[in-house]
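Student:
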Amino acid sequence: MKKMIDKEIFDSIRPYRDDEIPAAMQRIADNSLFPMLASYVFPDADIAAVKEELLSIRSITEFQARIMAPMNRQIIGQTMTEFTYGGIDQLSPDMKYLFIGNHRDIVLDSSLMQYTLFCNGHETSEITFGSNLMQNQLIVDIGKSNKMFKVERPGNNAREFYRSSQQLSEYIRQVICELHRSVWIAQRNGRTKDGFDLTDQGLIKMLGMSRKGDKVNAMDELHIVPVAISYEWEPCDILKVLELYEKQQMGYYLKKPGEDINSILTGMLQPKGKVHLEFCEPLKYDDFAVYDAYTLSDFNRAVAALIDRRIHRAYRFMSNNYIAHDLNYGQDLYAEKYTEEQKAAFLNRLGELKQYEEECNVDDLSELLVGIYTHPLDFADR
Numbered sequence: 600m601k602k603m604i605d606k607e608i609f610d611s612i613r614p615y616r617d618d619e620i621p622a623a624m625q626r627i628a629d630n631s632l633f634p635m636l637a638s639y640v641f642p643d644a645d646i647a648a649v650k651e652e653l654l655s656i657r658s659i660t661e662f663q664a665r666i667m668a669p670m671n672r673q674i675i676g677q678t679m680t681e682f683t684y685g686g687i688d689q690l691s692p693d694m695k696y697l698f699i700g701n702h703r704d705i706v707l708d709s710s711l712m713q714y715t716l717f718c719n720g721h722e723t724s725e726i727t728f729g730s731n732l733m734q735n736q737l738i739v740d741i742g743k744s745n746k747m748f749k750v751e752r753p754g755n756n757a758r759e760f761y762r763s764s765q766q767l768s769e770y771i772r773q774v775i776c777e778l779h780r781s782v783w784i785a786q787r788n789g790r791t792k793d794g795f796d797l798t799d800q801g802l803i804k805m806l807g808m809s810r811k812g813d814k815v816n817a818m819d820e821l822h823i824v825p826v827a828i829s830y831e832w833e834p835c836d837i838l839k840v841l842e843l844y845e846k847q848q849m850g851y852y853l854k855k856p857g858e859d860i861n862s863i864l865t866g867m868l869q870p871k872g873k874v875h876l877e878f879c880e881p882l883k884y885d886d887f888a889v890y891d892a893y894t895l896s897d898f899n900r901a902v903a904a905l906i907d908r909r910i911h912r913a914y915r916f917m918s919n920n921y922i923a924h925d926l927n928y929g930q931d932l933y934a935e936k937y938t939e940e941q942k943a944a945f946l947n948r949l950g951e952l953k954q955y956e957e958e959c960n961v962d963d964l965s966e967l968l969v970g971i972y973t974h975p976l977d978f979a980d981r
């Protein structure tokens, strides 16, 4: 008998069901931040009319079509000079996938992918969302109404980490293989803050925990599709630099109260220039079978490297990548790839770091910021 995904063991992490949507819409409408959110998503509409529209929603599909799609259109229109995508022709609307993406922004990476699927007639996927982000009821209601499910972050407790990993692995496999829904998950825990898009082999280990004894089929039946997102202007780039700098100086980084919400809002509102999303070629049985004789640890490492190669090949280099690379290596190798105006804009962004000169070494901050944009090209040079 098929196990159901809404069984009690998954209640703490799963998205909302349709019957839970009306109550969630009421809580969103009653939240003190609702007028601000409504005015951003629907700038020309009366707040009372938006509230009435929200309260009439009765399903996740309606929420995504009537709220999330307009929100993505607004973000694209207000903060991007261009949004493009590719590779979706390799996907079948009848097939369900595990999308493994490079992770540059808390919300936008998966949200833009969802929007692309929606606009092309594909069913949207479920989305992983860290438990550290689900501390605010408004975020919980918006997230779970948008097919987000919670990934527990148990810290250094090994037993809790194993338990949560096992639960997550079982949940993802049931969603894809039994309920026939797609899933998006980041290639690593947390956003890429230094420009290095690398898949954590622990992610592959986690995915295999729910189908032991046959590592090749364990991966193949998830229908893995690597996804690469590229931003001309990295969301939250300066915030990421400040975090990297503190970690370098202190050996650790301590999050500030409200920092995650600030990063979400900054990522949504900050100008991003050109943005490109690329669905890579889906991984097939033969892609995994070549590693069948490997030990499990080596197999996980090889699959992670395979995903990395697909993502790195699909990454769309922007003017800032070429500018940063030339600045970093003191050359003009890529000078034909950008204009003087684009270079001046990048230098102006570096100049913004001077506001932190009282508490930070600006040269070190500049090196970190240049590195965020340089490192994707460094991979291409290998």
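Counting with this note's numbering, you get residues 600 to 981 for the letters of the sequence shown. The C-beta atom is built at its ideal place from N, Cα and C for all residues, glycine as well.
Helix or strand or just coil, what does DSSP make of P621?
Tutor: It is helical.
Student: Exposed or buried, which one is A888 when buried takes at least 16 other CB atoms within 10 Å?
Tutor: Burial call: exposed.
Student: Expressed to the nearest angstrom, what Euclidean distance is found between the alpha-carbon atoms of I775 and K883?
Tutor: Going by the C-alpha atoms only, they are around 16 Å apart.
Student: Near G857, what residues of its chain come up, given a Cβ to Cβ distance below 7 Å and the 5 sequence neighbours on each side ignored?
Tutor: Excluding residues within five positions, none has a Cβ falling inside 7 Å.
Student: Among all the DSSP beta bridges, which residues are the ones paired with M679?
Tutor: Per DSSP, G872.
Student: Measuring CB to CB, does I828 end up less than 8 Å from R703?
Tutor: It is a contact, given that the beta carbons lie within the stated cut-off.
Student: Quick one: what does DSSP say L797 is sitting in, helix, strand or coil?
Tutor: In this structure, L797 counts as coil in the three-state DSSP scheme.
Student: By a C-beta neighbour count over all protein chains shown, 10 Å radius and 16 as the cutoff for buried, is Q615 buried or exposed?
Tutor: For clarity, residue 615 is Tyr in the given sequence; the question names Gln instead. The residue in question, Y615, is buried, as its Cβ has 16 or more Cβ neighbours within 10 Å.
Student: Cα-Cα, which of D793, D885, S768 and D819 is closest to G801?
Tutor: Closest option to G801, Cα to Cα, is S768.
Student: Roughly how many angstroms separate the alpha carbons of A622 and G720, rounded to a whole number?
Tutor: When rounded, the distance between both Cα atoms is 28 Å.
Student: Note down, in chain order, each residue of its chain lying with its Cβ closer than 6 Å to the Cβ of F945, except the 5 sequence neighbours on either side.
Tutor: N919 and I922, listed in sequence order.
Student: Which ranges does the beta strand (DSSP E) cover as unbroken runs of at least 3 residues, wholly within the region 693 to 772, from first to last along the chain?
Tutor: Correct list: 697 to 700, 725 to 729 and 747 to 750.
Student: Have a look at K804, G742 and D740 and flag the residue whose alpha-carbon is nearest the alpha-carbon of Q765.
Tutor: Ranking the options by Cα distance to Q765, first place goes to K804.
Student: What's the call for R787, buried or exposed, on a 16-neighbour Cβ count within 10 Å?
Tutor: By the neighbour-count rule (16 or more Cβ atoms within 10 Å), R787 is buried.
Student: Which whole-angstrom value describes the C-beta separation of P881 and H822, a residue pair presumed to lie in contact below a C-beta threshold of 8 Å?
Tutor: With a Cβ gap of about 6 Å, P881 and H822 count as contacting.
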